[in-house]
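Data first, discussion second: the structure below is written as structure tokens.
In our numbering, the protein residues as written are 4 to 213.
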């Protein structure tokens with residue numbers, strides 16, 4: 004996925020550079036033709052000082068060279084291309100936002116507790132976080148897998164990342180101070196005990212017979 008995205012960026016920048024070069028070349032040719040026609044068809048007129056004063060803005064515009072501006076844009080584009088290419092080879096953090104995953108989470112209600120289960124295959128226990136804020140249960144974690152491959156000529160190490168964060172609102176009868184958890188075979192189980200509501204005993208009342 005990362006390699007395909009990087010190749011797409013390189014192709015897009017290369018196509019833009021080709022179009023820019025063609026446009027720059029054709030514009031220069033057209034400007035040369037215009038200068039040649041102007042030199043042949045029109046004689047030079049003397050310049051007067053009042054034109055220089057009143058049309059100073061237009062004189063500044065004539066000094067502006069669009070082709071130099073295009074060259075500056077082209078150099079800037081090259082720098083952006085080189086920075087993006089080098090960063091793509093050394094820094095993987097630019098792709099991490101697209102690699103977040105959503106684990107399957109189920110919530111079951113039992114007689115004495117609520118049970119939350121989350122499928123987290125490939126995650127280390129130390130990378131899982133369980134937090135309670137008020138009546139909000141927050142499950143989060145980060146998965147990092149390394150895979151090394153070696154053949155006759157190359158040694159390659161692949162890294163894959165994935166992060167998740169889920170928030171679950173707990174009911175009023177949940178005992179947030181007695182929550183327990185277990186992580187086994189890629190499944191996280193969180194048990195939230197319920198408050199035991201004791202019903203008051205109703206005293207016996209004798210009713211006389213009339």
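Ideal Cβ placement from N, Cα and C applies to all residues, glycine included.
The structure presented is a predicted model; accordingly, all values stated were derived computationally and were not measured.
Query, Result
"Contact the stretch 130–140 vs the stretch 101–115: 3+ CB pairs below 8 Å", "no"
"Cβ-based burial, residue 57 [other Cβ within 10 Å; buried from 16]", "Because the pLDDT at residue 57 is just 44, under 50, the model does not fix this residue reliably, and the value given afterwards should be weighed accordingly. So residue 57 ends up on the exposed side."
"Ranges of the beta strand (DSSP E) found wholly within the stretch 95–145, counting only runs of at least 3", "108–112, 116–122 and 131–136"
"Simplified DSSP assignment, three categories, for residue 57", "Low local confidence applies: a pLDDT of 44 at residue 57 is under 50, so the model's placement there is unreliable, with the coordinate-based value given in what follows. Reduced to three states, the DSSP call for residue 57 is helix."
"Cβ-based burial, residue 75 [other Cβ within 10 Å; buried from 16]", "exposed"
"Cut-off 6 Å between Cβ atoms - residues of its own chain near residue 181, not counting five sequence neighbours on either side", "196"
"CA-to-CA distance, residue 106 to residue 186, given in whole angstroms", "14 Å"
"With 16 other Cβ atoms within 10 Å as the buried cut-off, status of residue 94", "Here residue 94 scores only 39 on pLDDT, less than 50, and its place in the model is too uncertain to base an answer on."
"Reference residue 198, options 204, 213, 179 and 211, closest by Cα", "179"
"Within 8 Å, strictly: CB atoms of residue 121 and residue 20", "no"
"Run of the beta strand (DSSP E) containing residue 190, from where it starts to where it stops", "190–196"
"Separation of residue 108 from residue 125, as counted between CA atoms", "16 Å"
"DSSP state of residue 23 mapped onto helix, strand, coil", "helix"
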